[in-house]
């Protein structure tokens, strides 16, 4: 999927969260969005995942402008090609397996195939044996791994991650970083937001810097002390 952002502006009351952002994502790989709290990283991810509507500018997918006023079914078709994993991750009521299978069930995948795919991705995320655990009882690291397994299960074309390793245990951090690399190698376009310059340098083929709602691009600004809070 080719995603293009042209002059996106997003305001929340008197605050401008995004101020004329341009972005092009067209190749598989990992791009990392860095910047301080309040710089607009999460807002940009939410617009790319079609969870937020911009006030100005255009979002194009495969060359076609997204009409945020179009019917639910049209937006839903696009949303199914893009997955966003929040931080902290959002768990649905029910078991771990219920959560991992959710996207597959929503897409009408037969139960047997859902169970097979869920088992496959849970093994990758070292979650085998967690199938019947209540998702509400998981640790922060386990929760984030379940959320990523849920995203993996539906094989998204674009994966958006908001602070995917923040405050997690070393095992979860390692697994998540390895999974991100593997997804990029398999053809997924990954965009993740983080405060951590070390993570950006470790994973990114492209580093994008945000400050005060503007995308500075490239590695511009990395030496200016804008990373972190």
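Numbering (our numbering), first residue to last: 18 to 246. By construction, the Cβ of each residue, glycine as well, lies at the ideal position given by its N, Cα and C atoms.
Own chain partners of residue i with C-beta closer than 7 Å, once the 5 adjacent residues on each side are dropped
i	result
residue 90	none
residue 98	18, 173, 174, 175
residue 186	158
Candidates the options: closest to residue i by CA position
i	options	result
residue 232	32, 51, 197	51
residue 101	84, 57, 62	62
residue 178	39, 48, 44	48
residue 42	200, 78, 142	78
residue 44	106, 219, 205	205
residue 170	203, 65, 134	134
residue 29	39, 154, 69, 220	69
residue 181	213, 150, 144, 203	213
residue 93	40, 66, 142	66
Alpha carbon of residue i to alpha carbon of residue j, nearest angstrom
i	j	result
residue 140	residue 167	12 Å
residue 59	residue 32	15 Å
residue 229	residue 192	32 Å
residue 36	residue 24	8 Å
residue 224	residue 146	37 Å
residue 260	residue 226	The chain is shown only over 18 to 246; residue 260 falls outside these bounds and no answer can be derived.
residue 197	residue 86	33 Å
residue 155	residue 209	23 Å
Own chain partners of residue i with C-beta closer than 6 Å, once the 5 adjacent residues on each side are dropped
i	result
residue 27	34, 35, 60, 71, 72
Cβ neighbours of residue i in the same chain (closer than 8 Å, five flanking residues each side left out)
i	result
residue 56	227, 228, 229, 230, 243
residue 309	The structure shown does not extend to residue 309, since the chain is modelled only from 18 to 246, so the question has no answer here.
residue 109	115, 116, 119, 152
residue 238	Residue confidence is low: residue 238 scores 40 on pLDDT, short of 50, so the model does not pin down where it sits. No coordinate-derived value is stated.
residue 246	Model confidence at residue 246 stands at a pLDDT of 30, short of 50, so the residue's coordinates are unreliable and nothing is read from them.
Neighbour flag for residue i against chain C, beta carbons, 8 Å
i	result
residue 130	Protein chain content of the structure displayed is limited to a single chain, and chain C is not contained in it.
Check: Is the region 152–168 touching the region 108–120, taking contact as three or more C-beta pairs under 8 Å?
Finding: yes
Notebook entry, point to check: So, do the region 152–159 and the region 126–141 have three or more beta carbon pairs nearer to each other than 8 Å?
Noted result: no
Next item on the list: Counting only runs of 4+ residues fully inside the region 97–139, write out the alpha helix (DSSP H) ranges in chain order.
Entry: 113–123
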